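*Asks:*
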Amino acid sequence: MTRNDALLGRLEAVVGRKGLIRDPGEMAPHMVEPRGLFRGQARCVVKPASTREVAEVVRLCAEAGVAVVPQGGNTGLVGGNVPFEHGGEVVLSLARMNRVRAVDPVNDTITVEAGCILQKVQEAAEAADRLFPLSLGAEGTCQIGGNLSTNAGGIQVLRYGNMRALVLGLEVVLPDGRVWNGLRALRKDNTGFDLKQLFIGGEGTLGVITAAVLRLFPRPKAKTTAFAAVRDVAAAVELLGRVRAASGEAVTSFELIPRFSLDISLKHIAGIEDPLGDAHPWYVLIELWSEVANSGLREALETVLAQAHEDGLVPDATIAANEAQAQSFWRIREAMVEAQKFEGGSIKHDVSVPISAVAAFIERSCAAVESLIPGVRAIPFGHIGDGNIHLNLSQPEGADRDAFLARWAEVNRRVHDIVAELGGSISAEHGIGRLKLEENVHYKSPVEIELMQRIKTALDPDNLMNPGKVVPGGG
Numbered sequence: 243m244t245r246n247d248a249l250l251g252r253l254e255a256v257v258g259r260k261g262l263i264r265d266p267g268e269m270a271p272h273m274v275e276p277r278g279l280f281r282g283q284a285r286c287v288v289k290p291a292s293t294r295e296v297a298e299v300v301r302l303c304a305e306a307g308v309a310v311v312p313q314g315g316n317t318g319l320v321g322g323n324v325p326f327e328h329g330g331e332v333v334l335s336l337a338r339m340n341r342v343r344a345v346d347p348v349n350d351t352i353t354v355e356a357g358c359i360l361q362k363v364q365e366a367a368e369a370a371d372r373l374f375p376l377s378l379g380a381e382g383t384c385q386i387g388g389n390l391s392t393n394a395g396g397i398q399v400l401r402y403g404n405m406r407a408l409v410l411g412l413e414v415v416l417p418d419g420r421v422w423n424g425l426r427a428l429r430k431d432n433t434g435f436d437l438k439q440l441f442i443g444g445e446g447t448l449g450v451i452t453a454a455v456l457r458l459f460p461r462p463k464a465k466t467t468a469f470a471a472v473r474d475v476a477a478a479v480e481l482l483g484r485v486r487a488a489s490g491e492a493v494t495s496f497e498l499i500p501r502f503s504l505d506i507s508l509k510h511i512a513g514i515e516d517p518l519g520d521a522h523p524w525y526v527l528i529e530l531w532s533e534v535a536n537s538g539l540r541e542a543l544e545t546v547l548a549q550a551h552e553d554g555l556v557p558d559a560t561i562a563a564n565e566a567q568a569q570s571f572w573r574i575r576e577a578m579v580e581a582q583k584f585e586g587g588s589i590k591h592d593v594s595v596p597i598s599a600v601a602a603f604i605e606r607s608c609a610a611v612e613s614l615i616p617g618v619r620a621i622p623f624g625h626i627g628d629g630n631i632h633l634n635l636s637q638p639e640g641a642d643r644d645a646f647l648a649r650w651a652e653v654n655r656r657v658h659d660i661v662a663e664l665g666g667s668i669s670a671e672h673g674i675g676r677l678k679l680e681e682n683v684h685y686k687s688p689v690e691i692e693l694m695q696r697i698k699t700a701l702d703p704d705n706l707m708n709p710g711k712v713v714p715g716g717g
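Residue 243 is where the sequence shown starts when you use the working numbering, and the numbers rise one by one after that.
1) Just to confirm before moving on: does the CB-CB distance between Arg656 and Ala599 stay below 8 Å?
2) Could you compute how far the alpha carbon of Val618 sits from the alpha carbon of Glu639?
3) Ala222: buried (16+ other C-beta within 10 angstroms of its C-beta) or exposed?
4) With DSSP as the reference, please indicate the residues paired to Ile574 in a beta bridge.
5) Kindly indicate which three-state DSSP category Cys286 falls into: helix, strand or coil?
6) Which of helix, strand or coil does DSSP assign to Ala610?
7) What number of angstroms, rounded off, separates the C-alpha of Trp650 from the C-alpha of Ile514?
8) Helix, strand or coil for Asn705? Go by DSSP, reduced to three states.
9) From Val299 to Val342, what does the alpha carbon distance come to, in whole angstroms?
10) Could you tell me the distance, in whole angstroms, from the CA atom of Arg473 to the CA atom of Lys509?
11) Which residues in the same chain as Leu555 place their Cβ atom closer than 7 Å to its Cβ, once the five residues preceding and following it in sequence are excluded?
12) Let me know if Gln385 comes out buried or exposed under the rule of 16 or more other beta-carbons within 10 Å of its beta-carbon.
13) Pull up the distance between the alpha-carbon of Pro557 and that of Leu400, whole angstroms please.
14) Any contact between the stretch 304–320 and the stretch 262–277? By contact I mean 3 or more CB pairs, one from each, below 8 Å.
15) Would you be able to state if there are at least three C-beta pairs under 8 Å between the stretch 415–427 and the stretch 670–678?
16) For the alpha helix (DSSP H) holding His625, just list the boundary residues, first then last.
17) Please report the distance separating the alpha-carbon of Phe469 from that of Arg484.
18) Hey, which unbroken runs of the alpha helix (DSSP H) at 4 residues or more fall wholly within the stretch 245–300?
19) Excluding the 5 residues flanking Ala309 on each side, which residues of the same chain have their C-beta closer than 6 Å to its C-beta?
20) For Leu693, count the other beta carbons within 10 Å of its own beta carbon; 16 or more makes it buried, fewer makes it exposed. Which is it?
21) Just grab the DSSP bridge partners of Leu334 for me.
22) Nearest-angstrom Cα distance between Gly307 and Pro703?
23) DSSP state of Val595, grouped into three classes?
24) Among Thr467, Ile499, Gly321 and Glu690, which residue has its Cα nearest to the Cα of Val579?
25) Between Val320 and Glu552, what straight-line distance do the alpha-carbon atoms span, to the nearest angstrom?
26) What residue range does the alpha helix (DSSP H) around Phe646 cover?
27) Between the C-alpha atoms of Phe435 and Ala304, what's the straight-line distance to the nearest angstrom?
28) Leaving out five residues on either side along the sequence, give the residues of the same chain with a beta carbon under 8 Å from the beta carbon of Leu456.
29) Measuring alpha carbon to alpha carbon, tell me which of Ser503, Gly443 and Leu530 ends up nearest His522.
30) Could you check if Arg575 is buried or exposed, using at least 16 other CB atoms within 10 Å of its CB as the buried criterion?
31) Taking the alpha-carbon positions, what's the Gly267 to Asn323 distance?
32) Tell me the residue span of the alpha helix (DSSP H) that contains Arg632.
33) Leu440: which of Ser391, Arg264, Glu652 and Asn340 sits nearest, CA to CA?
34) Who are the Cβ neighbours of Arg338 in its own chain at under 8 Å, not counting the five residues just before and after it?
35) My output table needs one value for Ala488: the three-state DSSP class, helix, strand or coil.
36) Cα separation between Leu791 and Arg259?
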């Protein structure tokens with residue numbers, strides 16, 4: 243019996259036959275990330291059903307010197323969720339750990355296992371007349387463990403924050419198989435280092451998150467949604483300030499949409515309609531929420547938009563008359579990403595800059611990529627309210643897709659240089675994984691990289707927990 247066969251036998255003894263996948267066909271979906279940028283191989287895929295089983299799997303792999311790649315819903319976009327090509331790693335899927343352990347509406351918390359689908363958590367909160375506010379395109383398939391490991395953001399970060407702000411406690415299996423039970427439902431715990439923050443955003447490089455205590459909020463009793471044309475990006479930023487001043491913390495989403503993305507959505511995606519009569523270069527999608535039923539949100543937004551129209555910031559705007567119309571506005575935002583697939587290759591960026599620098603970033607970066615690749619079609623869009631811009635670049639019409647995508651690193655460097663000059667980040671919500679590992683080393687200071695490596699070495703001295711991702715070394 244080979245050493246590999248011996249390990250697999252021990253793993254099967256822990257998780258049972260249905261918890262161990264060795265067939266290449268069944269393993270295949272776990273080997274590739276959604277965009278197909280990385281395609282790896284593994285010894286097996288193991289699916290433990292409890293924290294005890296996760297701990298034993300990790301312990302056995304550590305004892306055998308075999309690296310572990312934790313995997314949630316496999317919706318990540320930077321390659322942190324799939325194994326390397328050499329085939330020596332074990333993929334640890336949390337899919338069977340999908341229980342809602344407890345809901346406490348008095349404490350406004352929900353305790354869930356890492357394999358819970360985000361939508362399931364939202365529904366469990368709703369059943370208790372509460373809100374779990376994390377919302378993103380993959381919420382029907384992504385898992386809470388992956389959301390935590392990548393510090394997911396989404397469309398409501400402006401009001402509620404990203405995952406770091408939504409977590410009170412974690413349960414984590416450490417690289418040696420020990421379990422840290424930090425499932426505390428406390429809002430105040432001033433007893434030393436906030437250890438959970440090491441694992442949030444760590445992409446599985448320091449341990450395997452198995453459960454979490456998440457914050458809940460009152461459900462909104464009033465919503466107002468508007469779709470507005472804006473003169474330019476600077477006008478969109480100014481409008482954000484005006485809306486916030488008029489409505490306080492009611493601004494839940496403020497999304498930037500360029501005309502080109504609306505055009506391709508109308509072209510490729512069924513059911514999309516242009517909310518305004520004339521074409522404009524830029525739009526914003528605005529949503530306000532209140533926990534108070536008669537909060538005057540619509541009136542406040544009408545007043546702001548009317549004044550902005552008089553001042554030349556907003557050429558045209560419409561406020562949704564009902565929920566169906568509001569959803570039609572949001573469908574435009576969702577369709578943008580889907581429609582890009584029909585326009586050929588796409589080089590993508592997920593960056594953040596200070597809100598005051600958003601207009602400068604978009605102007606400078608679009609000019610820079612056009613000078614590199616004449617005819618490239620830039621789609622800068624996203625969460626302007628928190629400075630997170632997704633700059634996606636569709637290939638020039640008629641260009642060779644592979645030749646265009648081959649320039650990914652070159653284009654990234656040009657765009658990321660501008661981000662750095664403006665005091666921004668090269669990854670706002672997607673993480674680092676493999677895709678941005680070298681870029682992260684390039685832009686972070688040597689002190690930051692050294693601190694990350696020291697933390698990694700302290701918790702995972704043998705570099706067996708998702709090696710080669712986020713932190714330089716291994717793989």
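Heads up, the beta-carbon is just placed ideally off N, CA and C, and yes, glycines get one too. Just so we're clear, the structure is a prediction, and the values are computed from it rather than from any experiment.
*Replies:* The relevant details are as follows:
1) no
2) 8 Å
3) What the structure shows of the chain is the stretch from 243 to 717, and residue 222 is not part of that stretch, so it cannot be assessed.
4) Ile574 is not bridged to any residue.
5) strand
6) helix
7) 30 Å
8) coil
9) 22 Å
10) 24 Å
11) Val472, Arg473, Ala477, Glu480 and Leu481
12) buried
13) 25 Å
14) yes
15) no
16) That residue, His625, is in no alpha helix (DSSP H); its beta strand (DSSP E) goes Arg619 to His625.
17) 16 Å
18) 245–257 and 266–269
19) Glu331, Leu706 and Pro709
20) exposed
21) Val288 and Pro312
22) 11 Å
23) coil
24) Ile499
25) 44 Å
26) Arg643 to Leu647
27) 26 Å
28) Thr351, Ile352, Thr353, Val354, Val363, Phe374, Ile386, Leu408, Val409 and Leu410
29) Ser503
30) buried
31) 18 Å
32) According to the sequence displayed, residue 632 carries His and not Arg. His632 -> not in any alpha helix (DSSP H); beta strand (DSSP E) instead, spanning Asn630 to Ser636.
33) Ser391
34) Gly261, Lys289, Pro290, Ala291 and Gly357
35) helix
36) This structure gives no information on residue 791, because the portion of the chain shown stretches from 243 to 717.
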